[in-house]
Amino acid sequence: MRIDKLLWYLRLCKSRSLAQIWVDQGHIRINGNRVTKCSAAVHSGDVITLPRGEEILVIQIENLPNRRGPAEEAKSHYLCL
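Residues in the sequence shown are numbered from -16 upward in steps of one, following this note's numbering.
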């Protein structure tokens, strides 16, 4: 799944275009590697690092979502590290 779509599905970004901006600016990392393309693939078990206000959020993807559901459903797809 594309990183921009995943961040939007998991409700970590308000919009997919905001996720694309974060990726273009180099704020997102997958397994420690900086992502520069929105089409970068994310798989189950990957560790994603992203900014959340003044903090850095590190999550591990448990399984990939099929849709952008409610917040509780979105939280069930990842584990905060």
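All C-beta atoms, glycine included, are put in the ideal place defined by N, C-alpha and C. Since the model is a prediction, treat every value here as computed from it, not as a measurement.
- prompt: Does the beta-carbon distance from Trp5 to Ile11 come in below 8 Å?
  reply: Closer than 8 Å, so yes.
query: Would you report the Cα separation of Leu(-11) and Pro48, rounded to the nearest angstrom?
result: Leu(-11) and Pro48 have their alpha carbons spaced roughly 8 Å apart.
message: Quick check: Ile39 and Tyr61, are their CB atoms within less than 8 Å of each other?
response: no
message: Looking at the secondary structure, which residues open and close the alpha helix (DSSP H) in which Val6 lies?
response: For Val6, the enclosing alpha helix (DSSP H) stretches over residues -1 to 7.
message: According to DSSP, Pro34 sits in a beta bridge with which residue or residues?
response: DSSP, once it has assigned bridges, lists Ile39 as partnering Pro34.
field: Close-in-space but distant-in-sequence residues of the same chain around Val41 (CB under 6 Å, 5 per side omitted)
entry: Non-local beta-carbon contacts of Val41 in its own chain, meaning distances under 6 Å to residues more than five positions away in sequence, involve Thr32, Leu64 in chain order.
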